[in-house]
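Scroll down for the structure; my scribbles are underneath it.
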Amino acid sequence: MLEDLSPQVLPRLMRRTIWSALVVGTIGFVVAVMISPLAGLGEVIGLVLSILNLRQNDKQIAAMEMRTVGDDDPNVKVLRRQLRPKIVGRLTLLTLVALGSLFLSVALGLGIVAGLALYNIVFVINTFGVVMNQRGLN
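According to this note's numbering, the sequence shown is numbered sequentially starting from 473.
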């Protein structure tokens, strides 16, 4: 779905996603603090981890694009194969942080999971909106 988007749209999508996630995260933080202060802290940690993950993905993809600018026909499968271990490693780390915090404190762990989930929901909604707008289906 994202491969259909023009390169000029992706930075705007990322900015919109980060700002939307911060707004939704602020609301989530207020609700989580009412439940438990640790849940609020966990929600902030989960949101920050998601944003850092997105920024790191963007940085690696930009570096890959810079290396392939001179190529006439870069092999997409090779590029994906080079990115896969780094992305999987970060997702594994995020999963271990979430599970580890669940064992330390249920409220903190659930807050982190909620922050991660909120960010991903916002990302999917923003991506869907941009794709529909690009295809003229809004």
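We treat Cβ as the ideally placed atom computed from N, Cα and C, and that holds for glycine.
Just confirm the distance between the C-beta atoms of residue i and residue j, as a whole number of angstroms; I'd bet it's less than 8 Å.
| i | j | result |
| --- | --- | --- |
| Leu519 | Gly587 | 4 Å |
| Val603 | Ser492 | Actually they are not in contact, since the Cβ atoms of Val603 and Ser492 sit about 16 Å apart, beyond 8 Å. |
Can you tell me where the alpha helix (DSSP H) holding residue i begins and where it ends?
| i | result |
| --- | --- |
| Gly601 | 578 to 606 |
| Ser508 | Counting along the chain, Ser508 falls outside any alpha helix (DSSP H), and DSSP gives it neither H nor E. |
Which same chain residues, not among the five before or five after residue i, have their C-beta less than 6 Å away from its C-beta?
| i | result |
| --- | --- |
| Pro509 | none |
| Gly500 | Glu515, Leu590 |
| Val505 | Gly512 |
| Gly583 | Ala504, Ala511, Gly514, Glu515 |
| Ala579 | Ser508, Leu510, Ala511 |
| Leu574 | Gly581 |
Thinking just about the alpha-carbon of each residue, which of the options is nearest to the one in residue i?
| i | options | result |
| --- | --- | --- |
| Lys531 | Val516, Lys558, Val505 | Lys558 |
| Leu577 | Gly512, Ile490, Val496 | The amino acid at residue 577 is misidentified as Leu; the sequence shows Ser. Taking only the C-alpha atoms, the option nearest Ser577 is Gly512. |
| Leu566 | Gly608, Gln554, Ser522 | Ser522 |
| Gly614 | Gly608, Arg607, Asn592 | Any question about residue 614 goes unanswered here, given that the chain covers just 473 to 610. |
| Arg553 | Ile533, Leu571, Ala570 | Ile533 |
| Ala570 | Gly608, Val560, Ile517, Leu526 | Ile517 |
Skipping 5 residues on each side, what residues in its chain have a beta carbon closer than 7 Å to that of residue i?
| i | result |
| --- | --- |
| Gln528 | Arg562 |
| Val502 | none |
| Ile490 | Ile523 |
By Cβ distance, which residues of its chain are closer than 8 Å to residue i, with the 5 residues on each side in sequence left out?
| i | result |
| --- | --- |
| Thr564 | none |
Can you determine whether any heavy atom of the ligand COA sits closer than 7 Å to the C-beta of residue i, and answer yes or no?
| i | result |
| --- | --- |
| Leu555 | Within the structure as shown, the ligand COA is missing, as the structure has no ligands at all. |
Sufficient close CB pairs (3 or more, under 8 Å) joining the stretch 594 to 607 to the stretch 481 to 495: yes
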